[in-house]
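With this note's numbering applied, the sequence shown closes on residue 916, and no number is skipped along the way.
Virtual Cβ for every residue (Gly too), placed ideally from N, Cα, C.
Data first, discussion second: the structure below is written as structure tokens.
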Amino acid sequence: MTTAQKKMITGKTFIRLGFPESPAIATLLHIVQEQYNGEMTDALENELKTLLATPEDFTTHATWSEVAQQLLARQSNLIELAEAKPYEIFGSDFIEAGARQQMHTAMKLPVTVAGAMMPDAHQGYGLPIGGVLATNNVVIPYGVGVDIGCRMALSIFDIPEAHFTANEAKYKRELIAHTSFGAGQGFHGQYRSDHEVLENPVFAQIPIVQQLKDKAWSQLGTSGGGNHFVEWGILELLKEDESLNLPEGRYVALLSHSGSRGLGATLAGHYTKLAKSLCPLPQEAANLAYMDLNSQEGQEYWLAMNLAGDFASACHEIIHQKLAKAIGAQVLARVENHHNFAWKETYNGQEVIVHRKGATPASEGVLGIIPGSMTAPGFLVKGKGHAASINSASHGAGRKMSRTAATKTFSRQELRTILKDHGVTLIGGGLDEAPGAYKDIRTVMNAQQDLVEVLAQFTPKMVRMADDGSRED
């Protein structure tokens with residue numbers, strides 16, 4: 444390998460080779476930087492693979508003895524996986540093998556009580572997106588997800604559909620003026636919003652959270668990248684329901700999807716790393732590292748997680764308040780639900796921690812919103828409290844192809860055509876979010892008829908998303 448072909452080394456280099464996230468990574472990085480000028484060669488890569496496979500052969504090695512001993516120490520402390528517990532799969536015909544394997548691994552954890560997969564499930568990190576896992580007094584940061592407390596929020600207004608149709612330019616202008624999207628985006632100075640969430644005492648109690656307060660304040664009232672959106676649409680209420688107290692009919696509505704921004708992403712990274720240092724699991728389950736809720740670390744994460752959820756809710760509240768005021772609307776009803784979270788619940792008479800990573804709470808009578816894509820309808824639903832789903836439902840249509848595949852598959856012209864065919868105005872948005880990248884929302888809904896009752900259908904009309912391809916959250 445020539446000098447130009449040499450690969451620079453970072454900690455991620457060793458993880459890609461199969462080394463577990465552990466103190467051995469830092470030791471490896473130091474040795475390679477000192478003795479190999481921080482560069483990877485084929486010979487070094489081969490030697491590292493041998494070290495990983497047989498650390499016992501390197502305990503007295505002049506260069507690798509410390510790494511070998513760290514690897515062996517971790518192996519001796521590994522938490523053994525159990526036989527996988529059975530779990531329910533909804534919509535099994537259209538769930539990819541990678542997601543199934545991730546769920547199968549999660550069911551092997553010695554702390555697992557029960558699990559389920561929703562019909563929008565697809566592969567993620569640790570627990571699959573669309574995975575629900577009940578555990579015994581432990582919390583799994585990657586079972587919650589990177590975008591802690593990500594949620595849906597729906598406001599139904601006292602405005603007839605005809606008003607939107609006649610004033611689309613105004614709705615577009617206000618949507619652009621009162622929303623901000625993408626990684627790192629925020630408000631500054633006089634443009635910052637205020638909210639009581641910033642007075643939460645957890646900001647002063649936990650050092651890592653304290654360091655993030657200014658970022659949280661800046662990003663208050665903003666939205667993330669990827670599939671996050673704020674959109675105007677028409678809600679058709681299909682049946683009267685006491686929980687909404689509205690007559691059947693068609694209403695102008697605002698729907699938003701976003702989470703806890705940089706606050707949640709940083710907390711997720713910090714506590715996942717901490718969990719991995721405290722909970723050494725076999726490599727196949729490493730991303731499912733957990734923390735006991737009786738421990739200081741577990742309690743810290745629980746407080747931080749709940750704060751991130753409250754912060755995400757505050758972001759939606761501010762967006763909806765701004766836009767309601769801008770169009771002079773009265774809110775008739777508001778529905779909000781979150782996913783990417785962990786709840787203390789009772790399952791079969793036992794208190795458990797229910798992780799819903801990309802899954803909607805659907806206990807009996809609980810309202811939720813399940814969106815489709817930028818051109819597909821979303822649904823306002825009421826949970827039926829189905830035990831086998833651990834009182835859960837899907838959180839959307841679910842991806843059927845990766846972002847990279849979507850970008851290579853669809854063209855801008857194809858996207859413009861489908862938007863025009865559906866009468867949707869898109870502000871921002873990338874090819875990675877093209878409607879064809881998602882499963883058919885009606886197929887997903889048909890697979891969970893036992894889980895939720897549909898009360899209303901939301902049809903997107905004007906959608907705003909990040910336009911820079913960012914996926915911070």
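Secondary structure of residue i, DSSP reduced to three states
{"i": "residue 694", "result": "strand"}
{"i": "residue 507", "result": "coil"}
{"i": "residue 744", "result": "helix"}
{"i": "residue 900", "result": "strand"}
{"i": "residue 777", "result": "strand"}
{"i": "residue 803", "result": "strand"}
{"i": "residue 612", "result": "helix"}
{"i": "residue 665", "result": "coil"}
{"i": "residue 519", "result": "helix"}
{"i": "residue 884", "result": "helix"}
{"i": "residue 657", "result": "helix"}
Residue i burial status per 10 Å Cβ neighbour count (16 or more: buried)
{"i": "residue 585", "result": "buried"}
{"i": "residue 685", "result": "exposed"}
{"i": "residue 875", "result": "buried"}
{"i": "residue 613", "result": "exposed"}
{"i": "residue 451", "result": "exposed"}
{"i": "residue 643", "result": "buried"}
{"i": "residue 859", "result": "exposed"}
{"i": "residue 833", "result": "buried"}
Start and end residues, beta strand (DSSP E) containing residue i
{"i": "residue 787", "result": "784-790"}
{"i": "residue 626", "result": "Careful: residue 626 lies outside any beta strand (DSSP E) and carries neither H nor E."}
{"i": "residue 589", "result": "Premise fails: residue 589 is in no beta strand (DSSP E) and is neither H nor E."}
{"i": "residue 868", "result": "868-870"}
{"i": "residue 564", "result": "555-565"}
{"i": "residue 595", "result": "594-600"}
{"i": "residue 825", "result": "821-826"}
Candidates the options: closest to residue i by CA position
{"i": "residue 771", "options": "455, 488, 610, 565", "result": "610"}
{"i": "residue 701", "options": "668, 725, 712", "result": "668"}
{"i": "residue 861", "options": "514, 817, 489", "result": "817"}
{"i": "residue 637", "options": "653, 759, 566", "result": "759"}
{"i": "residue 527", "options": "720, 553, 629", "result": "553"}
{"i": "residue 533", "options": "889, 903, 900", "result": "889"}
{"i": "residue 579", "options": "852, 519, 792, 904", "result": "792"}
{"i": "residue 617", "options": "697, 848, 557, 551", "result": "697"}
{"i": "residue 812", "options": "678, 852, 798, 627", "result": "678"}
{"i": "residue 511", "options": "494, 765, 520", "result": "494"}
{"i": "residue 722", "options": "517, 456, 560, 508", "result": "517"}
{"i": "residue 763", "options": "598, 540, 538, 619", "result": "598"}
{"i": "residue 596", "options": "671, 653, 541", "result": "671"}
Endpoints, the alpha helix (DSSP H) within which residue i is located
{"i": "residue 710", "result": "704-721"}
{"i": "residue 863", "result": "855-864"}
{"i": "residue 454", "result": "454-460"}
{"i": "residue 649", "result": "Neither: residue 649 is in no alpha helix (DSSP H) and is coded neither H nor E."}
{"i": "residue 466", "result": "466-478"}
Assumed close pair residue i, residue j - CB separation to whole angstroms, cut-off 8 Å
{"i": "residue 577", "j": "residue 795", "result": "4 Å"}
{"i": "residue 581", "j": "residue 735", "result": "5 Å"}
{"i": "residue 591", "j": "residue 724", "result": "Residue 591 to residue 724, Cβ: 21 Å. No contact."}
{"i": "residue 594", "j": "residue 755", "result": "6 Å"}
{"i": "residue 662", "j": "residue 629", "result": "4 Å"}
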